[in-house]
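Engineer: Take a look at the following structure, please.
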Amino acid sequence: MTGFAFNHMDCGRLFKLFLILVIFCSICNCVKAECFELENTNANTNEIDNNRFIRCNYERFSVIINCPLSLTLLSWAKAPIPDKGDLDTSSRNYQLDPDAAALNCQQSTANTYSTVVKGFDVGHLTPIDLLDDDINAALEANYMTNLLPQADFFNRNGAWRRTEILAECYRDETQYSGDINVFSGVIVGNDSSNDFFASSHGLVKTPDRFWKIIHARASKDRDGEYDAWIMSNSNNAKANTLDQSRVTLSALISVLVNDDSKLYLPVIRELMNEIPLSAERKKFSYNRRCHRMNG
31 MTGFAFNHMD
41 CGRLFKLFLI
51 LVIFCSICNC
61 VKAECFELEN
71 TNANTNEIDN
81 NRFIRCNYER
91 FSVIINCPLS
101 LTLLSWAKAP
111 IPDKGDLDTS
121 SRNYQLDPDA
131 AALNCQQSTA
141 NTYSTVVKGF
151 DVGHLTPIDL
161 LDDDINAALE
171 ANYMTNLLPQ
181 ADFFNRNGAW
191 RRTEILAECY
201 RDETQYSGDI
211 NVFSGVIVGN
221 DSSNDFFASS
231 HGLVKTPDRF
241 WKIIHARASK
251 DRDGEYDAWI
261 MSNSNNAKAN
271 TLDQSRVTLS
281 ALISVLVNDD
291 SKLYLPVIRE
301 LMNEIPLSAE
311 RKKFSYNRRC
321 HRMNG
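Note that the working numbering gives residue 219 to position 189 of the sequence shown, counting from 1, and the numbers run on in steps of one.
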């Protein structure tokens, strides 16, 4: 019987190969998502009707996508308190998710929206800076399953950007413990004048409005506190108008039901599972000293 003897040089080469593989996986973001179809579980009322949905779970956030529209309806994440992350999250290397592609349930390209129509940014639902303590988790936020067209000023300096900064403020509030939950979603609406991306991206509808909820628990508070906003997907939604967009959780759910109860059913279920209706709404003021964002 012939055996193989490894000398020190062989071991050294194997160790170098192992290091190369580790570095390659870090660069290529090899953490694999888990995407699966959501079942139409309520056969008696046929609530979900003919809509088809998938859920994708990433390292630190999850999304729910409506497949016929190629539209992500909800993205939600947990982030640790306090905020100790300071990694550079400026990467905008947008990618398609191969798992969602295998289920034929995502946008058709990772091209930017401004290549089709000027004035639209690639907007993150779960903010990339929320994940700035883990580079793999942060890079997963650049999957197209977490990205949608947003009016450029709204995304960069407007109301949406302000909610991302407020999420960092929540993490700096020392009375909270554990994690904060950040929920970001859409309201499709019926304005067809902004539906530019059906041919280019397979995105049948451009959301007319976006919403966000930030929910945190104090150390002895079972239900926690939250703030919530519904914002127009337009450059009229400025940072200094954000207070006018504040809503309660129950009001947000009512808006979703009125817009299309069947479309948002998986979203409403998730919100009601995660946030007690008895949670107290609390206004958090903008603070320039909040943790610096690197993305």
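Think of the CB as a built atom: it goes at the ideal place given N, C-alpha and C, for glycine as much as any other residue. Just so you know, these numbers come straight off a predicted model, no measurement behind them.
Where do the ends of the alpha helix (DSSP H) carrying S105 lie?
Structural biologist: The sequence position of residue 105 within the sequence shown is 75, counting from 1. Counting along the chain, S105 falls outside any alpha helix (DSSP H), though it belongs to the beta strand (DSSP E) covering 101–110.
Engineer: Relative to the C-alpha of N263, which residue among F83, H154, S100, K108 is closest?
Structural biologist: Start at 1 with the first residue of the sequence shown, and residue 263 comes out as number 233. Here the closest residue by C-alpha is H154.
Engineer: So what does DSSP say about Q125, is it helix, strand or coil?
Structural biologist: Position 95 of the sequence shown holds residue 125. Strand.
Engineer: Assign C60 to buried or exposed, taking buried as 16 or more other Cβ atoms, counted over all protein chains shown, within 10 Å of its Cβ.
Structural biologist: For the purposes of this step, residue 60 is taken as the residue at position 30 of the sequence shown. In this prediction, C60 has a pLDDT of 44, which is less than 50 and means its spatial position is unreliable; what the coordinates show is noted afterwards. Exposed is the call here.
Engineer: To which residues does DSSP link R311 through a beta bridge?
Structural biologist: Indexing the sequence shown from 1 puts residue 311 at position 281. For R311, which the question treats as bridged, DSSP gives the partners Y256.
Engineer: Starting from the C-beta of R252, find all residues in its chain whose C-beta is less than 8 Å away, skip the five residues before and the five after it, and write them out in chain order.
Structural biologist: Taking the sequence shown and counting its residues from 1, the one referred to as residue 252 is at position 222. Excluding sequence neighbours, R252 sits near P306.
Engineer: Any heavy atom of the ligand PLP closer than 7 Å to the beta-carbon of W106?
Structural biologist: In terms of ligand content, the structure shown is empty, and the ligand PLP therefore cannot be addressed.
Engineer: Just to confirm, is the Cβ distance from L104 to G215 under 8 Å?
Structural biologist: Here residue 104 is taken as the residue at index 74 of the sequence shown, counted from 1. Here residue 215 is taken as the residue at index 185 of the sequence shown, counted from 1. Their beta carbons are under 8 Å apart, which means L104 touches G215 by this criterion.
Engineer: Could you tell me how far apart the beta carbons of C86 and A63 are, in whole angstroms, since I believe they sit closer than 8 Å?
Structural biologist: Walking along the sequence shown from the start, residue 86 turns up at place 56. Walking along the sequence shown from the start, residue 63 turns up at place 33. Their Cβ separation, rounded to whole angstroms, is 5 Å, which keeps C86 and A63 in contact under 8 Å.
Engineer: Assuming the contact rule is C-beta atoms closer than 8 Å, H245 and N211 should be a hit. Round their C-beta distance to whole Å, please.
Structural biologist: Residue mapping note: residue 245 aligns to position 215 of the sequence shown, counting from 1. Residue mapping note: residue 211 aligns to position 181 of the sequence shown, counting from 1. That belief holds up - the Cβ atoms of H245 and N211 are roughly 4 Å apart, short of 8 Å.
Engineer: Could you give the distance in angstroms between the alpha-carbon of D181 and the alpha-carbon of Y143?
Structural biologist: To locate residue 181, count along the sequence shown from 1; it is residue 151. To locate residue 143, count along the sequence shown from 1; it is residue 113. Looking at the sequence provided, one finds Ala at residue 181 rather than Asp. Taking the straight line joining both Cα atoms gives about 10 Å.
Engineer: With H, G and I counted as helix, E and B as strand and the rest as coil, what does DSSP make of I305?
Structural biologist: On the sequence shown, position 275 is the one that residue 305 refers to. In this structure, I305 counts as coil in the three-state DSSP scheme.
Engineer: Let me make sure I understand the geometry here. Which of S230, D273, E300 has the alpha-carbon closest to that of I283?
Structural biologist: Taking the sequence shown and counting its residues from 1, the one referred to as residue 283 is at position 253. Comparing Cα-Cα distances from I283 to each of S230, D273, E300, the minimum goes to E300.
Engineer: Taking C-alpha atoms, which residue in Y294, L177, E304 lies nearest to L68?
Structural biologist: In the sequence shown, residue 68 corresponds to position 38, counting from 1. The candidate whose alpha carbon is nearest that of L68 is Y294.
Engineer: Who are the near neighbours of D238 in its chain, counting only those whose CB is closer than 8 Å to its CB and skipping five residues on each side?
Structural biologist: Residue mapping note: residue 238 aligns to position 208 of the sequence shown, counting from 1. Around D238: I217, V218, G219, N220, D221, N224, S262, N263.
Engineer: Suppose contacts are defined by Cβ-Cβ distances below 8 Å. Is E8 in contact with D113 by that definition?
Structural biologist: Examination of residue 8 is not possible in this model, given that the chain is present from 31 through 325 alone.
Engineer: Who pairs with M261 in a beta bridge, going by DSSP?
Structural biologist: Along the sequence shown, one-based indexing puts residue 261 at 231. The partner list for M261 (beta bridge, DSSP) reads F240.
Engineer: Spatial neighbours of R201 within its chain, please: CB distance less than 7 Å, with the 5 preceding and 5 following residues excluded, ordered by chain position.
Structural biologist: Here residue 201 is taken as the residue at index 171 of the sequence shown, counted from 1. Here the set comprises A109, I111, P112, D113, I210, H321.
Engineer: In three-state terms, what does DSSP make of D225?
Structural biologist: Translated into the one-based positions of the sequence shown, residue 225 becomes position 195. Correct three-state label for D225: coil.
Engineer: Within the same chain, show all residues whose beta-carbon is closer than 6 Å to that of I158, passing over the 5 residues directly before and after it, in chain order.
Structural biologist: Your numbering for residue 158 matches position 128 in the sequence shown. Only T119, A168, A171, G325 meet the Cβ criterion.
Engineer: Helix, strand or coil for C58 per DSSP?
Structural biologist: To locate residue 58, count along the sequence shown from 1; it is residue 28. With a pLDDT of 42 at C58, under the threshold of 50, the modelled position of that residue is not reliable, and the figure given next carries that caveat. Residue state, collapsed to three classes: helix.
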